[in-house]
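Everything in the sequence shown is counted per our numbering, starting at 71 for the first residue and increasing by one. Let me begin by presenting the structure, written as structure tokens, before commenting on it.
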Amino acid sequence: MIEHLHEHMTSELQQNAKTDTIFILSAILLNLIMLAVNSGMVEKSRTDNSMLVVMLLFVILIVLVNLVVIIGLQKGKQTRTKLQTGLMEMYKDKSVDKYYDPSLLGNYNTRYNLFIMVVTFTGIIAIVVPFVLR
């Protein structure tokens with residue numbers, strides 16, 4: 071039974087990592103695309119108010135998607151911490167915990183924080199730059 075539980079927990083960790091990767095790449099890609107699109111609309115938005123409205127709608131999209139991604143990454147971070155803590159307890163019970171460095175938990179938390187920062191900063195750049203150019 072322990073082997074099945076271990077397999078399930080490690081599988082959940084792998085799925086968590088894949089989901090987080092999709093979140094991160096989607097947000098960064100959207101931010102860069104919206105940066106390019108809004109920057110390309112700057113010239114026309116100076117004279118055409120409808121273009122400005124479209125730019126503002128894209129800003130709302132950037133904010134909403136980035137918020138969803140950040141919340142998703144925070145939940146992924148919490149899930150990873152719970153799963154790894156459970157695995158560490160399982161390893162202690164089986165006296166194999168000496169093979170797993172507990173400092174890895176802190177490293178994963180740092181990585182999540184860095185990913186959140188990248189998503190946040192690319193989002194901010196995607197919003198600010200087109201309006202500075204305007």
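We treat Cβ as the ideally placed atom computed from N, Cα and C, and that holds for glycine.
In terms of alpha-carbon separation, which member of the options lies closest to residue i?
i: residue 76; options: 102, 161, 105; result: 161
i: residue 200; options: 91, 125, 88; result: 125
i: residue 82; options: 198, 188, 152, 166; result: 152
i: residue 189; options: 88, 87, 101; result: 101
i: residue 87; options: 119, 154, 137, 116; result: 154
i: residue 179; options: 150, 85, 130, 168; result: 150
i: residue 136; options: 74, 85, 186; result: 186
i: residue 148; options: 198, 109, 192, 182; result: 182
i: residue 198; options: 109, 116, 74; result: 109
Return the Cβ separation of residue i and residue j in integer angstroms, given the expectation that the two are a contact with Cβ distance under 8 Å.
i: residue 196; j: residue 132; result: 5 Å
i: residue 139; j: residue 203; result: At roughly 25 Å, the Cβ-Cβ gap does not stay under 8 Å, so residue 139 and residue 203 are not in contact.
i: residue 114; j: residue 104; result: Contact doesn't hold; Cβ gap of about 16 Å is too wide.
i: residue 170; j: residue 158; result: 7 Å
Quick one, are the C-beta atoms of residue i and residue j less than 9 Å apart?
i: residue 145; j: residue 72; result: no
i: residue 90; j: residue 142; result: yes
i: residue 193; j: residue 97; result: yes
Pick helix, strand or coil for residue i, following the three-state DSSP scheme.
i: residue 111; result: coil
i: residue 162; result: helix
i: residue 150; result: helix
i: residue 90; result: helix
i: residue 167; result: helix
i: residue 117; result: coil
i: residue 200; result: helix
i: residue 187; result: helix
Point to revise | Inter-stretch contact (C-beta, 8 Å, three-pair minimum) for the segment 167-175 and the segment 77-88 | key: Segments in contact, no.
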